[in-house]
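**Student:**
Residue numbers (our numbering), protein chains in the order written: chain A, 18 to 212; chain B, 45 to 240.
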């Protein structure tokens with residue numbers, strides 16, 4: 018039954034081939050053709066003044082002519098029923114947000130950094146710097162190991178960091194292995210780490 | 045002298061009727077409103093035809109036709125000059141029709157039914173009597189009616205129907221097929237004799 022019905026539609030879509038289709042129910046096909054022929058002729062005419070009414074309703078201002086295709090794409094609404102300008106604006110905001118997050122992520126990516134300080138006779142070594150607002154008590158180094166080194170590994174964001182070691186809770190010392198340093202304003206020097 | 049005047053007249057007079065849709069749209073964009081007038085003249089019947097079969101109401105269909113052309117005029121800059129203006133304006137009309145259906149749902153059913161019957165009777169009187177056909181067509185869901193009208197009244201190809209209604213080609217074919225089946229079924233149920 019379904020196959021016969023499909024053949025009728027095939028015959029309607031390909032009138033030239035329909036004559037060669039032996040398996041089409043010719044009575045049903047004729048019934049379809051009669052209805053569709055009437056549909057094709059059932060064109061209702063609009064009022065005579067429709068043209069004048071349309072022309073009268075056109076805005077006086079000329080249609081907007083936006084020179085660049087990209088700008089045109091952003092600003093000109095398409096023919097779809099929804100609000101494409103809003104959809105496009107939302108899409109642009111989402112893309113910008115995604116790009117910002119990627120940039121921010123790269124910028125804020127925290128890298129592991131190991132600090133080593135040689136002090137075989139010390140009983141405590143701490144790390145202070147711009148990354149912990151020079152506050153003692155937050156980053157303690159472990160040690161000493163067999164070589165007399167105190168070690169800690171922390172995660173730091175990319176950028177420039179100044180730091181010092183506090184030995185035995187009283188002595189503030191620069192890192193002798195630091196490649197860069199600058200005066201701390203108290204007669205000493207801050208070590209500088211750039212990552 | 046007359047020959048000379050006629051020649052000059054022919055050179056100076058712009059023959060809008062001979063121009064392509066793209067050229068007319070371009071002229072309209074450059075401030076020549078007559079270019080757009082020619083586009084209205086060419087396609088107002090096609091747009092009205094779709095609008096009428098979708099709304100079953102002459103007044104609504106004429107309002108939609110007017111709105112479609114005004115929208116097209118405002119958005120003319122987004123029209124791709126290489127594409128068919130007919131398909132573009134019909135797409136605009138199809139989308140406006142969807143919105144009309146949404147607002148119509150809010151109307152009272154009795155008023156809707158009264159208006160539909162009155163319009164069908166009036167249009168039936170105008171020329172040939174298509175009252176039974178229009179009643180059957182109006183009974184189809186808009187989802188099936190739109191592709192059926194585009195195919196069999198506007199003569200669109202399945203690819204064009206798909207583009208206009210923003211659906212796939214296979215969906216367009218399926219809807220036309222179901223539309224035909226339902227229309228024939230409704231027509232047959234209206235007529236007890238074989239005379240459709």
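C-beta: ideal position from N, C-alpha, C; glycine also. Computed from a predicted structure; not experimentally measured.
1) Is the beta carbon of residue 66/B less than 8 angstroms from the beta carbon of residue 72/B?
2) Say whether chain A places a C-beta atom closer than 8 angstroms to the C-beta of residue 179/B.
3) Can you tell me the Cβ-Cβ gap for residue 186/A and residue 141/A, rounded? I've got them flagged as a contact below 8 angstroms.
4) Measuring alpha carbon to alpha carbon, tell me which of 215/B, 91/B, 177/B ends up nearest residue 140/B.
5) Indicate whether the contact test is met: 3 or more Cβ pairs, each with one atom in the segment 97–112 of chain B and one in the segment 63–79 of chain A, closer than 8 angstroms.
6) Measure the beta-carbon distance from residue 94/B to residue 198/B and round it to whole angstroms, keeping in mind my assumption that it falls under 8 angstroms.
7) Since residue 125/B contacts residue 176/B with CB under 8 angstroms, what's their CB separation in whole angstroms?
8) Could you tell me which chain B residues have their CB closer than 7 angstroms to the CB of residue 211/A, listed as they occur along the chain?
9) Hey, how far is the Cα of residue 207/A from the Cα of residue 131/A?
10) Let me know if residue 216/B comes out buried or exposed under the rule of 16 or more other beta-carbons within 10 Å of its beta-carbon.
11) Check this for me: beta carbons of residue 170/A and residue 144/A, under 8 angstroms apart or not?
12) In its own chain, which residues sit with a C-beta less than 6 angstroms from the C-beta of residue 204/A, not counting the 5 before and 5 after it?
13) So, residue 227/B versus residue 194/B, is the Cβ gap smaller than 8 angstroms?
14) By the DSSP assignment, the alpha helix (DSSP H) with residue 182/A in it spans what residues?
15) For residue 138/A and residue 115/A, what's the separation of their Cα atoms in angstroms?
16) Leaving out five residues before and five after residue 121/B in sequence, what residues of the same chain have Cβ atoms less than 7 angstroms from its Cβ?
17) The alpha helix (DSSP H) that contains residue 186/B, what's its start and end?
18) DSSP on residue 75/A, reduced to helix/strand/coil?
19) What residues from the segment 112–132 of chain B come within 7 angstroms of chain A, judged by C-beta to C-beta, listed N to C?
20) Quick one: Cα of residue 195/A to Cα of residue 212/A, how far?
21) Mapping the DSSP letters down to three states, classify residue 200/A as helix, strand or coil.
22) Pull the bridge partners of residue 208/A from the DSSP assignment, please.
23) Using the C-alpha atoms, what's the distance from residue 182/B back to residue 225/B?
24) Between the C-alpha atoms of residue 33/A and residue 27/A, what's the straight-line distance to the nearest angstrom?
25) Does any CB atom of chain B fall closer than 8 angstroms to the CB of residue 31/A?
26) For a contact defined as C-beta to C-beta under 8 angstroms, what are the partners of residue 67/A on chain B?
27) Within 8 angstroms (strictly less), CB to CB, does residue 76/A reach chain B?
28) Under 8 angstroms between beta-carbons, which chain B residues line up against residue 64/A? List them in chain order, please.
29) For residue 25/A, which of helix, strand or coil comes out of DSSP?
30) Relative to the alpha-carbon of residue 172/A, which residue among 49/A, 127/A, 25/A, 134/A has its alpha-carbon at the smallest distance?
31) Three-state secondary structure (DSSP) at residue 138/A?
32) Start and end of the beta strand (DSSP E) containing residue 170/A?
33) With C-beta atoms as the reference, is residue 209/B less than 8 angstroms away from residue 180/B?
34) In the DSSP assignment, find the beta strand (DSSP E) that holds residue 53/A and state where it starts and stops.
35) Can you look up residue 212/B in the DSSP assignment and give me helix, strand or coil?
**Tutor:** Judging by the given coordinates:
1) Residue mapping note: residue 66/B aligns to position 22 of the second chain, counting from 1. Residue mapping note: residue 72/B aligns to position 28 of the second chain, counting from 1. Not in contact: residue 66/B and residue 72/B (Cβ atoms no closer than 8 angstroms).
2) Within the second chain, the letter at position 135 stands for residue 179/B. Put simply, the CB of residue 179/B is far from chain A, with every gap to its CB atoms at 8 angstroms or more.
3) Position 169 of the first chain, counted from the start, is the residue given in the question as residue 186/A. Position 124 of the first chain, counted from the start, is the residue given in the question as residue 141/A. Right, their Cβ atoms sit about 6 angstroms apart.
4) Start at 1 with the first residue of the second chain, and residue 140/B comes out as number 96. Among 215/B, 91/B, 177/B, the Cα nearest to that of residue 140/B is on 91/B.
5) With a cut-off of 8 angstroms on Cβ pairs, the segment 97–112 of chain B is in contact with the segment 63–79 of chain A, counting three or more such pairs.
6) Against the second chain, residue 94/B aligns to sequence position 50. Against the second chain, residue 198/B aligns to sequence position 154. With a Cβ gap of about 6 angstroms, residue 94/B and residue 198/B count as contacting.
7) Along the second chain, read from residue 1 onward, the residue named residue 125/B stands at position 81. Along the second chain, read from residue 1 onward, the residue named residue 176/B stands at position 132. Contact doesn't hold; Cβ gap of about 43 angstroms is too wide.
8) Within the first chain, the letter at position 194 stands for residue 211/A. By Cβ distance, chain B contributes nothing, its closest Cβ being about 52 angstroms from residue 211/A, past 7 angstroms.
9) Your numbering for residue 207/A matches position 190 in the first chain. Your numbering for residue 131/A matches position 114 in the first chain. Taking the straight line joining both Cα atoms gives about 17 angstroms.
10) The residue you call residue 216/B lines up with position 172 of the second chain. If you draw a 10 Å sphere on the C-beta of residue 216/B, you find 16 or more other C-beta atoms in it, and that means buried.
11) Translated into the one-based positions of the first chain, residue 170/A becomes position 153. Translated into the one-based positions of the first chain, residue 144/A becomes position 127. Cβ atoms of residue 170/A and residue 144/A: not closer than 8 angstroms.
12) Against the first chain, residue 204/A aligns to sequence position 187. Excluding positions up to five away in sequence, the list is empty.
13) On the second chain, residue 227/B is found 183 positions in, with the first residue counted as 1. On the second chain, residue 194/B is found 150 positions in, with the first residue counted as 1. No. Outside cutoff.
14) In the first chain, residue 182/A corresponds to position 165, counting from 1. Boundaries around residue 182/A are those of the beta strand (DSSP E), 177–184, since no alpha helix (DSSP H) includes it.
15) By 1-based counting over the first chain, the position of residue 138/A is 121. By 1-based counting over the first chain, the position of residue 115/A is 98. Taking the CA atoms as reference points, residue 138/A sits about 52 angstroms from residue 115/A.
16) Along the second chain, one-based indexing puts residue 121/B at 77. These residues qualify, in order along the chain: 73.
17) Along the second chain, read from residue 1 onward, the residue named residue 186/B stands at position 142. 186–196 is the extent of the alpha helix (DSSP H) around residue 186/B.
18) Position 58 of the first chain holds residue 75/A. If DSSP states are grouped into helix, strand and coil, residue 75/A belongs with coil.
19) Listed by position along the chain: 113, 114, 117, 118, 119, 120, 121, 122, 132.
20) Locating residue 195/A in the first chain gives position 178, where the first residue counts as 1. Locating residue 212/A in the first chain gives position 195, where the first residue counts as 1. Here the alpha carbons of residue 212/A and residue 195/A stand approximately 13 angstroms from one another.
21) Residue mapping note: residue 200/A aligns to position 183 of the first chain, counting from 1. Reduced to three states, the DSSP call for residue 200/A is strand.
22) The residue labelled residue 208/A in the question sits at position 191 within the first chain. Residue 208/A pairs with 180/A, 198/A.
23) Along the second chain, one-based indexing puts residue 225/B at 181. Along the second chain, one-based indexing puts residue 182/B at 138. C-alpha of residue 225/B to C-alpha of residue 182/B: approximately 14 angstroms in a straight line.
24) Taking the first residue of the first chain as 1, we reach residue 33/A at position 16. Taking the first residue of the first chain as 1, we reach residue 27/A at position 10. Straight through space, the alpha carbons of residue 27/A and residue 33/A are spaced by roughly 11 angstroms.
25) On the first chain, residue 31/A is found 14 positions in, with the first residue counted as 1. Residue 31/A does not count as touching chain B.
26) Stepping through the first chain from its first residue, residue 67/A is reached at position 50. In chain order: 88, 92, 106, 109, 110.
27) The sequence position of residue 76/A within the first chain is 59, counting from 1. Interface residue (Cβ-Cβ distance to chain B less than 8 angstroms): residue 76/A is classified as such.
28) Within the first chain, the letter at position 47 stands for residue 64/A. Neighbours of residue 64/A across chain B, judged by C-beta separation under 8 angstroms: 102, 106.
29) Walking along the first chain from the start, residue 25/A turns up at place 8. For residue 25/A, the secondary structure class from DSSP, reduced to helix, strand or coil, is helix.
30) The count along the first chain starts at 1 and reaches residue 172/A at position 155. The shortest Cα separation from residue 172/A among 49/A, 127/A, 25/A, 134/A belongs to 127/A.
31) If you number the first chain from 1, residue 138/A lands on position 121. Here residue 138/A carries a coil assignment [DSSP, helix/strand/coil].
32) Counting from one through the first chain, the residue named residue 170/A turns up at place 153. Taken as a continuous stretch (DSSP letters only), the beta strand (DSSP E) holding residue 170/A covers 166–174.
33) Taking the first residue of the second chain as position 1, residue 209/B is located at position 165. Taking the first residue of the second chain as position 1, residue 180/B is located at position 136. No, the pair does not count as a contact, with Cβ atoms beyond the cut-off.
34) As a first step, residue 53/A is located in the first chain; it is residue number 36 there, counting from the start. First-last for residue 53/A: 43–58, but that is the alpha helix (DSSP H), not the beta strand (DSSP E).
35) Within the second chain, numbered from 1, the residue matching residue 212/B stands at position 168. Residue 212/B sits in coil when the DSSP states are folded into three classes, being neither helix nor strand.
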